[in-house]
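Residue numbers for the sequence shown follow my numbering, so the first one is 9 and each next one is one higher.
Built from N, CA and C at the ideal position, the CB exists for glycine as well.
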Amino acid sequence: MGGEFLQTGREIVPIPGSYALVEKVAEGFGRFLELVQPDQRERWTYEVLPNEDPDHKPDDGYMPRKGDAKVSGGRDDIKQTFHYRPRLIKLLQSRNVDCSLVRDWLETCAELHELCVAHASDFVRWLDAHFPGYNFTGRFHDPRSRDANVLRILRYAERGPGDSLTVGKYHVDRNFFTFALGESHPGLRIFPEGESGAPIAYRATPDNVLAFPGAKFAILTAGRIAGLGHDVVNENPAAPPRWSVVFFAHVTLE
Ligand SMILES: [Fe+2]
Numbered sequence: 009m010g011g012e013f014l015q016t017g018r019e020i021v022p023i024p025g026s027y028a029l030v031e032k033v034a035e036g037f038g039r040f041l042e043l044v045q046p047d048q049r050e051r052w053t054y055e056v057l058p059n060e061d062p063d064h065k066p067d068d069g070y071m072p073r074k075g076d077a078k079v080s081g082g083r084d085d086i087k088q089t090f091h092y093r094p095r096l097i098k099l100l101q102s103r104n105v106d107c108s109l110v111r112d113w114l115e116t117c118a119e120l121h122e123l124c125v126a127h128a129s130d131f132v133r134w135l136d137a138h139f140p141g142y143n144f145t146g147r148f149h150d151p152r153s154r155d156a157n158v159l160r161i162l163r164y165a166e167r168g169p170g171d172s173l174t175v176g177k178y179h180v181d182r183n184f185f186t187f188a189l190g191e192s193h194p195g196l197r198i199f200p201e202g203e204s205g206a207p208i209a210y211r212a213t214p215d216n217v218l219a220f221p222g223a224k225f226a227i228l229t230a231g232r233i234a235g236l237g238h239d240v241v242n243e244n245p246a247a248p249p250r251w252s253v254v255f256f257a258h259v260t261l262e
């Protein structure tokens, strides 16, 4: 683990047992959208501003994106997302939200989040051993970054052939590193040479997770490891709406 990541800025990390959880987590989000009516979903949304990143307001719980910007000839980013952090269950309790109908789904989210933290923990230990001087492990286990690690479940809107290209515009993730855990069908493209370089279409396989650095990795290493740019395209307009599940690992920069 790790060698490939340091050389190429990405790596396939095997996480045995992850895909079964990923499928259950995606399925459970579908159930959430069926069972919790749109006017009730805002009770499941929390905006939290962490100390270390004043420009970024991450959300816990449910969050839709309407996609009003046009990118590359297509509508951008129409998707429903759900952010799971362990603190979410307490937040929901504090707001008296009835979680009973999706309790098993939240438990599966917790299980997958824990599995990701365990593998991320191995990953930072490996990085410290082979790319010393940054205290990745200490920064990752700092309580402030521990609370920021998030599991994100995305359901893109159904797109037709007339809306064929970009469904998620090009960006570099803002976190430390990302595990792309699984997806219903391909669509993710990575840009190892940056936005003007040629994209590579990514093909996920079960229990193999794509690990890649985000903006915080670049900041921390003064650019020695750059964040990997990526976008999402509607590769097969006839396919049902795409879903994907992603884990964002954080570190403190202080
Ligand atoms: Fe991303």
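Distance cut-off 7 Å: Asp181 Cβ against heavy atoms of ligand 1 = As a working note, residue 181 is residue 173 in the sequence shown. At least one heavy atom of ligand 1 is nearer than 7 Å to the Cβ of Asp181, so yes.
query = By how many angstroms is the C-alpha of Tyr142 removed from the C-alpha of Tyr27?
reply = Counted from its first residue, the sequence shown places residue 27 at position 19. Counted from its first residue, the sequence shown places residue 142 at position 134. In a straight line, the C-alpha of Tyr27 is about 31 Å away from that of Tyr142.
query = Mind checking whether Pro221 and Gly11 have CB atoms under 8 Å apart?
reply = Counted from its first residue, the sequence shown places residue 221 at position 213. Counted from its first residue, the sequence shown places residue 11 at position 3. No, the pair does not count as a contact, with Cβ atoms beyond the cut-off.
request  = Please confirm whether any heavy atom of ligand 1 lies closer than 7 Å to the CB of His238.
outcome  = For the purposes of this step, residue 238 is identified with residue 230 of the sequence shown, where counting begins at 1. The answer is yes for His238.
ask   = Ends of the beta strand (DSSP E) at Ala257?
value = Locating residue 257 in the sequence shown gives position 249, where the first residue counts as 1. Element bounds for Ala257: 251-257.
ask   = If we call anything under 8 Å between Cβ atoms a contact, is Arg163 one with Trp251?
value = Taking the first residue of the sequence shown as 1, we reach residue 163 at position 155. Taking the first residue of the sequence shown as 1, we reach residue 251 at position 243. Yes.
inquiry  = Rounding to the nearest angstrom, what Cα-Cα distance links Lys98 and Tyr54 in this structure?
reply    = In the sequence shown, counting from the first residue as 1, residue 98 sits at position 90. In the sequence shown, counting from the first residue as 1, residue 54 sits at position 46. Between Lys98 and Tyr54, the C-alpha separation is close to 12 Å.
inquiry  = For Asp136 and Glu19, I'd like the C-alpha separation in whole angstroms.
reply    = Taking the sequence shown and counting its residues from 1, the one referred to as residue 136 is at position 128. Taking the sequence shown and counting its residues from 1, the one referred to as residue 19 is at position 11. Their Cα atoms are separated by approximately 16 Å.
ask   = Where does Asp68 land, buried or exposed, given buried means 16+ other C-beta within 10 angstroms?
value = Along the sequence shown, read from residue 1 onward, the residue named residue 68 stands at position 60. That one is buried.
The stretch 140-154 / the stretch 233-247 touching (three or more Cβ pairs under 8 Å) = no
ask   = Do you know offhand how far Ala212's Cα is from Arg51's?
value = Reading the sequence shown from its first residue, position 204 is the one you call residue 212. Reading the sequence shown from its first residue, position 43 is the one you call residue 51. Roughly 33 Å separates the two Cα atoms.
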